Amino acid sequence: MKPFIMLLLLFLSLSLTAQKKVLDHADIELWNSIEGERLSPNGAYVAYSLEKGEKDHFLHLKTATGQSVFSYERASKPRFTDDSKTLVFSITAWKDSVMAMKRRKVKKKDLPKDSLGIYNLSNKTLEKIGNVKSYQIPEDWSGYIAYQLEEIEVPKDTVKDSTESKKKKSKAKKVSKKNGYHLVLRSLETEEEDTLKFVTDYTFAKKGKFLAWATTGETDSSNYAVYVMDLVNQSRTLLHEAKKADYAQLSFSETGKHLGFIADTDTTKVQLRPRELYHWQVGMSSAEKIVDANTTGNDLRPSAYEKLRFSKDESKLYFGLAVPPIIKDTSLLEEEIVNVEVWTYDEPRLYTVQELQMKNDTTSAFLSVIHLNQNNKLTQLANATYPEADLTRHGNAAYALLRNPEPYALESQWTGQRARDYAVVNLSSGTAVKALTKIPGRVELSPQGKYIFGYHNADSLWFAYSIAKRKYLALTPDKVFYNELHDSPSHPWAYGTAGFTEDDKALLLYDRYDIWSFNPETGASTRLTKGRETKTVYRYVILDPEQDHIDTSKKALLTTFKETDKSSGYAHYDFRSGRLTPLLSGPYDYGYPAKAKRAQTLLFTRESFTEFPDLRVANQDFSKVTQISNANPQQKEYNWGTVELVNWTSLDGEKLTGMLVKPENFDPNKKYPMLVNFYERSSDGLYRHRAPTAGRSTINYPFYASRGYLIFNPDVKYRIGYPGESAYNCVIPGVTSLIEKGFVDKDNIGVQGHSWGGYQIAYLVTKTDIFKAAEAGAPVPNMISAYGGIRWWTGLSRQFQYEHTQSRIGGTPWEYPTRYLENSPIFNLDKINTPLLIMHNDADGHVPWYQGIELFVSLRRLGKPSWFLNYNGEPHWPLKLQNRKDFNIRMAQFFDHYLKGAPNPVWMDRGVPAMEKGVNQGLELMKE
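If you use our numbering, the sequence shown corresponds to residues -5 to 922, in order.
In structure tokens form, the structure reads like this:
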């Protein structure tokens, strides 16, 4: 009887599996993603929005125990007030409604505007406010909200106006970007409102109950002005006014007792703007001008673009002194202006970089400080010698760190390094002392400003520099704190740092697995965790983003990751006892947790290949966990798939790991078509969830698994100088090892990849016929021409990529011509017998799209089956939803045809002629 029952259960299980749906392209619209998740400050509530099919948002508010409190359609971007009594959010129109209006040629100004939702958690009431342009709520206190309104058109009067009334109406001041928008200040307790007219800028203080705003005045004849309102006693103070003014950078100190802003009251079009810095503090009847052209004694003026900030102790006001602009001759006519680009061989930055950074260059400023408790003493910190400056997190320290990248900017074209010289400047005296020379890597100030610390890429070590002693100390000269798996011709990067402990006593650094404590004075070190023994990676979690140091009086929350099986979790570390306590672990990818502002409640995610990363709430030690969201319950209706680790040995004798995805109803006695998809190393993402979305550059694993494909993602280990051969030596034996298992249809294997993956695929199909079809996105077939290309998004030369980073050649074409030839597929395209689909877009800012053209026209010359997709105006990947959907459909049709014998689509049979572009897509399948 028992065997019969077991067989019956097995039959029922198989029947249920067989009844599951197969994912299709239209099903993408059913999937939700979670956005804007927030914990209330008291930890009692969770708010988040679900974006369905990349279209509309649905807001959800739940208790920390998972009970639904409130939901609203078309709503997103939730925020709690600091007292956790109110939830505010944005409301937009249905996207289908907006699309329908656009089809009716409705003007942009007449399209629906956003609304503001204000939900009272106490009495469960909702108020909606339409036509809201922006809004703010205080960060660390509650009771008010301020929101700006778009222009609201008043219906025309059917009664004919008199000439006089028409004249008055034509002169009425209208809201606009220049004039400002009406700002409504609303009490969330009494619901009383105060409307402030034509506001161009506004801000709440972080902790103090103050609001500041700039206005152009209620009428055309009114003065421009800056005001502060004390919301405790409801008093309003006029800080500054002028007939006309541009106000910028309204910034409060943390308590709100100080305010700084920039004013430009000159009504002429003079190019060197006479901007002035003003300061106000509680008790003053108006703001005081503290910096202008006369104060600096040179051509430097306060910058309207550099953010103002006060130190946390409110003794200093930091601002920028603008670099003087290039004065233009405005009398020249257009036909008199010569527009020529002059590129010089030895200028620090390539001309293309200068073009992209022109806005930053024209608004650059030297960091300066006003000492408010020293009679507004001005100290310029940065200068032409050291144009860049950094402060400590709170800005209380006595020093700032200065940087100069200029001497090494030219060589960065081919090294890829961002080396800089560093100096330390005394904030009081302005005296700068050179500290470090040509340091490639990230360098920072310790929280208390006692040390400069960082990772020296070229020396592959961490260091600390004592500012008081002017002493450099190598912290890790005899330890491996750099990437142990580094396999490119560049200096290895560090694993990172957790930060300093209180009073700059210790610096916590990461090696491959563990957290170490270093004394920045002596270099003495202690290993805090013991992860190397079990190949477990421990990393510190920042739970309080406001804290600038690690508090060793409290237990630290750590993330854990086990390299052997890719499982993860959390643990507590007690600094005083040195005890490590595991909290949660398993065959999942656990997300980075967030803590409630004023409670021990934690918000985190858990995911796997089969489990969507839904939101979960936990207490401090994860002994009580509650699932909050259930974003995609429909997934259980579909044949999904499973994932597992597989191992093999490369042709170089290296032990390798990869991921194998199988259909949910996998039968080891059957043979399946297989798609190979890879980049570099991906197996650490074993438990990453992949929702069926319209991806921009890669195959969607559950989509293809649901349709009966196996997916193999192999890790690749590279040998410098031979990236193509390395890919072959790693990927091909991985594929053959799976064929030997008996369930792979060796005659129906495809391969797909993008960018670096696209290059490797272009190389592989010149060396093997094991693949029946291949898709290569943004590939580089010609390393020689690509070496001299430009990455148009940054303006950078591509030379560094080949000499030192991902492309891994290890030198120039004149140093290693053979390597460039051997690794370039273009010289072996006649060996290709694999049909190839290429996608490369004409606005690609990473890989010049002429690389894809070189590959396609050569294949066309050889008569090799190949197709080229160019989504006009799209960058390295198609970003527009309609283009991503189209790409995924075409790629699936391509692989289904070659690997499953499906009919040809029209576009593969005859293409899409230029005159039919945008009209006929050619996606219809040909008849048998």
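Don't be surprised by glycine CBs; every beta carbon is placed ideally from N, CA and C.
Small disclaimer: the values here were computed from a predicted structure and weren't measured.
Buried or exposed: residue i, going by 16 or more other Cβ atoms within 10 Å of its Cβ?
{"i": "proline 627", "result": "exposed"}
{"i": "lysine 102", "result": "exposed"}
{"i": "leucine 120", "result": "exposed"}
{"i": "threonine 59", "result": "exposed"}
{"i": "tryptophan 901", "result": "buried"}
{"i": "serine 65", "result": "exposed"}
{"i": "alanine 284", "result": "With the sequence shown as reference, residue 284 is identified as isoleucine, and alanine is not the correct amino acid for it. It counts as buried."}
{"i": "isoleucine 364", "result": "buried"}
{"i": "tryptophan 808", "result": "exposed"}
{"i": "glutamate 918", "result": "exposed"}
{"i": "valine 729", "result": "buried"}
Shortest alpha-carbon distance to residue i belongs to which of the options?
{"i": "leucine 253", "options": "Glu719, Tyr393, Glu235 and Tyr221", "result": "Tyr221"}
{"i": "phenylalanine 83", "options": "Asn694, Asp77, Asp134 and Arg68", "result": "Arg68"}
{"i": "tyrosine 951", "options": "Leu294, Lys263, Tyr241 and Leu266", "result": "Outside the shown range of the chain, which is -5 to 922, sits residue 951, and nothing can be said about it."}
{"i": "proline 106", "options": "Thr86, Lys118 and Ile112", "result": "Thr86"}
{"i": "aspartate 741", "options": "Thr828, Lys310, Leu853 and Leu225", "result": "Thr828"}
{"i": "aspartate 568", "options": "Ala550, Phe555 and Tyr582", "result": "Ala550"}
{"i": "leucine 225", "options": "Gly250, Ala239 and Thr209", "result": "Gly250"}
{"i": "asparagine 641", "options": "Ile705, Ser731 and Ala239", "result": "Ser731"}
{"i": "leucine 923", "options": "Tyr564, Thr604 and Ser779", "result": "With the chain covering -5 to 922 only, the question about residue 923 has no answer from this structure."}
{"i": "tryptophan 843", "options": "Asp824, Pro819, Leu856 and His870", "result": "His870"}
{"i": "glutamate 540", "options": "Thr386, Asn613, Ile705 and Thr553", "result": "Thr386"}
{"i": "threonine 599", "options": "Val655, His683, Leu501 and Lys524", "result": "His683"}
{"i": "serine 623", "options": "Ser280, Glu631, Glu527 and Pro607", "result": "Pro607"}
{"i": "methionine 653", "options": "Asp678, Leu232, Arg521 and Asn288", "result": "Asp678"}
{"i": "leucine 205", "options": "Gln130, Lys191, Tyr476 and Trp408", "result": "Gln130"}
{"i": "lysine 203", "options": "Tyr196, Asn227 and Glu183", "result": "Asn227"}
{"i": "aspartate 481", "options": "Trp88, Ile803 and Lys618", "result": "Ile803"}
{"i": "lysine 529", "options": "His450, Asp508 and Gln13", "result": "Asp508"}
{"i": "methionine 93", "options": "Gly124, Phe74, Lys127 and Asp50", "result": "Asp50"}
What did DSSP end up calling residue i once you bin it into helix, strand or coil?
{"i": "glycine 771", "result": "strand"}
{"i": "tryptophan 408", "result": "helix"}
{"i": "valine 753", "result": "Just to set this straight, residue 753 is tyrosine in the shown sequence, not valine. In this structure, tyrosine 753 counts as helix in the three-state DSSP scheme."}
{"i": "isoleucine 112", "result": "strand"}
{"i": "asparagine 882", "result": "helix"}
{"i": "isoleucine 949", "result": "Outside the shown range of the chain, which is -5 to 922, sits residue 949, and nothing can be said about it."}
{"i": "alanine 20", "result": "helix"}
{"i": "alanine 500", "result": "coil"}
{"i": "tyrosine 582", "result": "coil"}
{"i": "valine 402", "result": "First, the amino acid is wrong: residue 402 is tyrosine here, not valine. Three-state DSSP puts tyrosine 402 in a helix."}
{"i": "aspartate 608", "result": "strand"}
{"i": "lysine 56", "result": "strand"}
{"i": "leucine 853", "result": "helix"}
{"i": "asparagine 227", "result": "coil"}
{"i": "alanine 588", "result": "strand"}
{"i": "aspartate 542", "result": "coil"}
{"i": "glycine 314", "result": "strand"}
Could you compute how far the alpha carbon of residue i sits from the alpha carbon of residue j?
{"i": "leucine 680", "j": "glutamate 638", "result": "7 Å"}
{"i": "alanine 376", "j": "arginine 414", "result": "14 Å"}
{"i": "leucine 455", "j": "glutamate 438", "result": "15 Å"}
{"i": "glutamate 329", "j": "alanine 316", "result": "31 Å"}
{"i": "threonine 194", "j": "isoleucine 112", "result": "23 Å"}
{"i": "lysine 160", "j": "lysine 167", "result": "Annotation note: pLDDT 49 at lysine 160 (below 50); position unreliable, no value reported."}
{"i": "glycine 493", "j": "serine 511", "result": "10 Å"}
{"i": "glycine 747", "j": "tyrosine 673", "result": "7 Å"}
{"i": "glycine 410", "j": "glycine 718", "result": "21 Å"}
{"i": "phenylalanine 192", "j": "serine 519", "result": "59 Å"}
{"i": "tryptophan 750", "j": "leucine 831", "result": "16 Å"}
{"i": "leucine 361", "j": "tyrosine 534", "result": "32 Å"}
{"i": "tryptophan 274", "j": "glutamate 212", "result": "24 Å"}
message: Ignoring anything shorter than 3 residues, give me the beta strand (DSSP E) runs that lie fully in the region 410 to 478, in order along the chain.
response: 413 to 420, 426 to 434, 437 to 439, 445 to 450, 455 to 460 and 465 to 468
Sequence ranges, beta strand (DSSP E) only - wholly within the region 671 to 751, length at least 3: Secondary structure in the region 671 to 751: the beta strand (DSSP E) runs of 3 residues or longer, each lying completely within the stretch, are 704 to 708 and 738 to 748 in chain order.
query: Taking only runs of the alpha helix (DSSP H) that begin and end inside the region 329 to 354, which ones reach a length of at least 4 residues, in chain order?
result: 345 to 350
query: Counting only runs that start and end within the region 241 to 294, where is the alpha helix (DSSP H) found for 4 or more residues in a row?
result: 287 to 290
- request: Only counting runs of 4 or more residues, tell me where the alpha helix (DSSP H) segments fall wholly within the region 887 to 914, in order along the chain.
  value: 900 to 904
query: Hey, which unbroken runs of the beta strand (DSSP E) at 3 residues or more fall wholly within the region 782 to 834?
result: List check, beta strand (DSSP E) in window: 830 to 833.
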